[in-house]
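Before any comments, here is the structure.
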Amino acid sequence: MKRKMRVLWLSAIACNGNMHSFLNYPYMEQFLNDFEFISHPILDSEYTLEVIVSNDIPCDILLIEGAISEEFQRADVPIVNIIQRYSKIVQKIVTVGTCATFGGIFRESDYKDISGLHFDKESRVDTFKNIFDKTISVSGCPVHPEILVNTLYAIKKSIALELDNYLRPKEYFAYTVHNGCVRNEYFEYKIDNHQFGALEGCMFYEHGCQAPYTHGSCNKILWNEVNSKTRAGLPCMGCTEPSFPKQNLFSTKKNMGIPEYLPTGVGKRTYLTLAGISKAFTIERLEKKLFDD
Amino acid sequence: MIDKKQIKKEQIMQCALELFALKGFYSTTIPDIAASVKMSVGNMYNYFKSKDILAKEIIKYISGYLGKKIREINEQDISTKEKTRRIIEIYFQTASLKPEMIDYFLRIYLSTREVFREGCEGMICVNEFVTEIMIYFEEGVKCGDLREQDFFSAFGLFMGYLGGMVFLKGENILPKDLDEYVDDISHNIYKALSAD
């Protein structure tokens, strides 16, 4: 019988949203034929957390969910000690979700020096620098289950993943969420006119959509294989980024009409020149609903 | 090597601007412009196929000229207040040294819309200039110096004021030279746009 990859799912300061997202992976049976959890907060597993924290249980991959603070404990052991213990045992460490990667929403809590494993928002954290080269980040709030699972399979098959500066696989994070958005036609001609939940209109100009400067594959690898925020009529909230969460997620921050955050890699003068040209024309087809309700 | 054709085009545009200011847009013909650059009418058409095309190129040329100057100001590490003053200075300087440029903008571009309807939709032909004004506003708001507001309410206040002064100067109504108004106008505009 082939050997399964042994995985430890360690929850730090988390809402367990990544775990719930993972449970929506559509091919779980196949996954569990190839991987086994030595410990998992809700799936059946071989060891309890009490056993895990006080022994060196053989393991291949450490998954960390949630933000990290030296004050936080699991089974009466500081989370940082558990991470140090298992990071020596495993081949790879994967930070699952934005809290484990950058601090995320829980970074706003009262825990002392709370951050992601290697990053406090954009800044490097040196506490675990000895395991930096062993780590892969799959950010997201929550993580996309297929991106997590595909990353785990890449580890299993010893595929060297090319990573960005935040250790995220470029395969999934070199793109922006804008890539594949079905509203691109409206973006091109600067037509917002959006009503939440409606099929028409781009949400970048007025409704806070962060897709043009958020790294992720939400519009390439769909959620539940059918949808994404922007397809459903909700703005991208930039949940894979170190800056997540920003404030006022449903309105576009502007300075005298110019969005404060511009599409990734597009200079302000370039953006304004293109926008000026697009704005000069009225595309009647896109100004109204494409079909009646 | 600087493009010789481009240099020639700019010479033609400069001569055309001067003629438009002197004789008016409609009374100036392509042969008049050709004569003033000492060029045959046939050769002139190698540069501009029609007077309407020339008219559009000229407004882009003026926009590019002013846009470049304002960009230099925008890229300096100075306060928004100082930027405001320098933009006003440069606008008035241009109106004094090259009155035909601002004259063209105010009297021909803004009031002869039928010529510019196609090919100069919206602010396409004045894009370089407007972009720099937008950046001046945006950076002013971002650093907290200017109050957040609709772009056009600020743009109208800024450019309407300057355009009005240059127009009055052109009508010989202003008792003093434009540069003598820079202090007061800079103060007024900055006060009106300021976040305080």
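Sequence order for the protein chains is A and G. 956 is the number of the first residue of the first sequence in the working numbering; add one for each residue after it. 22 is the number of the first residue of the second sequence in the working numbering; add one for each residue after it. Ideal placement from N, C-alpha and C gives every residue a C-beta, glycine not left out.
Inset, instruction - Determine whether the Cβ of Asn1210(A) lies closer than 8 Å to any Cβ atom of chain B. - result: Checking the listed chains, one finds no chain B in this structure; the protein chains it contains are A and G.
Inset, instruction - Name the two residues that bound the continuous alpha helix (DSSP H) containing Glu1025(A). - result: Here Glu1025(A) belongs to no alpha helix (DSSP H), and DSSP marks it neither H nor E.
Inset, instruction - Please state if the CB of Ile145(G) and the CB of Gly1231(A) are separated by a distance shorter than 8 Å. - result: Yes, the pair counts as a contact, with Cβ atoms nearer than the cut-off.
Legend entry - CA-to-CA distance, Gly1135(A) to Ser976(A), given in whole angstroms: Their backbone Cα atoms lie some 22 Å apart in a straight line.
Inset, instruction - Using 10 angstroms around the beta-carbon of Asp1088(A), count the other beta-carbons present and answer buried if the total reaches 16, otherwise exposed. - result: Exposed, since its Cβ has fewer than 16 Cβ neighbours within 10 Å.
Inset, instruction - Give a yes or no on whether 8 Å exceeds the smallest Cβ distance from Lys1223(A) to chain G. - result: So yes, Lys1223(A) belongs to the interface.
Inset, instruction - Please decide whether Phe1236(A) counts as near chain G, where near means a Cβ-Cβ distance under 8 Å. - result: With respect to chain G, the C-beta atom of Phe1236(A) has a partner C-beta closer than 8 Å.
Inset, instruction - Show which residues of chain A have a CB atom less than 8 Å away from the CB atom of Thr152(G). - result: Correct list: Arg1224, Leu1227, Thr1228 and Gly1231.
Legend entry - Beta bridge counterpart(s) of Ile1213(A) as assigned by DSSP: As a beta-bridge residue in DSSP terms, Ile1213(A) pairs with Asn1210(A).
Legend entry - Residue-level contact to chain G via CB, Ile1213(A), 8 Å cutoff: Yes - at least one Cβ of chain G is within 8 Å of the one on Ile1213(A).
Legend entry - Backbone CA spacing between Pro1167(A) and Gln27(G) [nearest angstrom]: Distance between the alpha carbons of Pro1167(A) and Gln27(G): 37 Å.
Inset, instruction - Please check if any C-beta of chain A sits within less than 8 Å of the C-beta of Val162(G). - result: At a cut-off of 8 Å, the C-beta of Val162(G) has a neighbouring C-beta in chain A.
Legend entry - Asn1019(A) and Leu978(A) closer than 8 Å at C-beta: Before going on, a small fix: residue 1019(A) reads as Ile here, not Asn. No, they are not a contact pair.
Inset, instruction - Measure the C-alpha to C-alpha separation of Arg1062(A) and Phe113(G) and round it to an integer number of angstroms. - result: Taken atom to atom, the span from the alpha-carbon of Arg1062(A) to that of Phe113(G) is near 52 Å.
Inset, instruction - Could you tell me how far apart the beta carbons of Cys1096(A) and Ile1060(A) are, in whole angstroms, since I believe they sit closer than 8 Å? - result: With a contact defined as Cβ atoms closer than 8 Å, Cys1096(A) and Ile1060(A) qualify at about 7 Å.
Inset, instruction - Could you tell me whether any Cβ in chain A is nearer than 8 Å to the Cβ of Gln97(G)? - result: Nearest CB-CB separation between Gln97(G) and chain A: not below the 8 Å threshold.
Inset, instruction - For Ile206(G), write down the residues that DSSP places opposite it in a beta bridge. - result: In the DSSP assignment, Ile206(G) forms no beta bridge with any residue.
Inset, instruction - Give the DSSP bridge partners of His1149(A), in chain order. - result: DSSP output for His1149(A) lists no bridge partner at all.
Legend entry - Status (buried if at least 16 other CB within 10 Å, exposed otherwise) for Cys164(G): Burial state of Cys164(G) is exposed, judged by a 10 Å Cβ sphere holding fewer than 16 other Cβ atoms.
Legend entry - Coarse secondary structure for Met60(G), derived from DSSP in three states: In the displayed model, Met60(G) falls within coil according to three-state DSSP, outside both helix and strand.
Inset, instruction - Pair every Cβ in the region 1229-1248 of chain A with every Cβ in the region 32-45 of chain G, then say whether three or more of these pairs are closer than 8 Å. - result: Using a C-beta cut-off of 8 Å, the region 1229-1248 of chain A makes no contact with the region 32-45 of chain G, since fewer than three inter-stretch Cβ pairs fall below that distance.
Inset, instruction - Within the same chain, show all residues whose beta-carbon is closer than 8 Å to that of Ile1238(A), passing over the 5 residues directly before and after it, in chain order. - result: Cβ-Cβ distances below 8 Å link Ile1238(A) to Tyr1144 and Ile1146 in the same chain, with the five nearest sequence neighbours on each side left out; the list follows chain order.
Legend entry - Span of the beta strand (DSSP E), counted from its first residue to its last, around Ile1016(A): Counting along the chain, the unbroken beta strand (DSSP E) around Ile1016(A) starts and ends at Ile1016 to Glu1020.
Inset, instruction - Let me know if Glu153(G) comes out buried or exposed under the rule of 16 or more other beta-carbons within 10 Å of its beta-carbon. - result: The C-beta of Glu153(G) has 16 or more other C-beta atoms within 10 Å across all chains shown, which makes the residue buried.
Inset, instruction - Using only alpha-carbon positions, find the residue among Leu965(A), Asp1031(A) and Phe1199(A) that is nearest to Thr1053(A). - result: When each option's Cα is compared against that of Thr1053(A), the closest is Phe1199(A).
Inset, instruction - Determine the direct distance from the alpha carbon of Ile1016(A) to that of Val1045(A), and round the result to whole angstroms. - result: When rounded, the distance between both Cα atoms is 5 Å.
Inset, instruction - Flag this pair as yes or no: are the beta carbons of Ile1086(A) and Ser1042(A) separated by less than 8 Å? - result: A distance below 8 Å separates the beta carbons of Ile1086(A) and Ser1042(A).
Legend entry - Pairwise C-alpha distance: Arg1079(A) and Gly1171(A): The straight-line gap from Cα to Cα measures roughly 21 Å.
Legend entry - Asn979(A), DSSP secondary structure in three states: DSSP places Asn979(A) outside both helix and strand once states are collapsed to three, so it counts as coil.
Legend entry - Inter-stretch contact (C-beta, 8 Å, three-pair minimum) for the region 1153-1168 of chain A and the region 1095-1112 of chain A: Under the three-pair Cβ rule at 8 Å, the region 1153-1168 of chain A does not count as touching the region 1095-1112 of chain A.
Inset, instruction - For Asp171(G), return the contacting residues in chain A, with the cut-off set at a CB-CB distance below 9 Å. - result: For Asp171(G), the C-beta contacts it makes with chain A under 9 Å involve Met1211 and Gly1212, in order along the chain.
Legend entry - Whole-number beta carbon distance between Thr1056(A) and Phe1074(A), since they are thought to touch under 8 Å: The pair is a contact, with the Cβ atoms about 6 Å apart (cut-off 8 Å).
Inset, instruction - Report the residue ranges of all beta strand (DSSP E) runs contained in full by the region 91-132 of chain G; include only those spanning at least 3 residues, in chain order. - result: Here no run is fully enclosed.
Inset, instruction - Out of Ser1206(A), Thr1195(A) and Ile1048(A), state which residue places its alpha-carbon closest to the alpha-carbon of Ser1094(A). - result: Of the listed residues, the one whose Cα sits closest to Ser1094(A) is Thr1195(A).
Legend entry - Every unbroken alpha helix (DSSP H) within the region 1114-1145 of chain A, with a cutoff of 4 residues, ordered by chain: Counting only runs of 4 or more, we get 1125-1128 and 1139-1143.
Inset, instruction - Would you mind giving the Cβ-Cβ distance between Ile1069(A) and Gly1058(A), rounded to the nearest angstrom? I have them listed as a contact below 8 Å. - result: Yes, they are in contact, since the Cβ atoms of Ile1069(A) and Gly1058(A) sit about 6 Å apart, within 8 Å.
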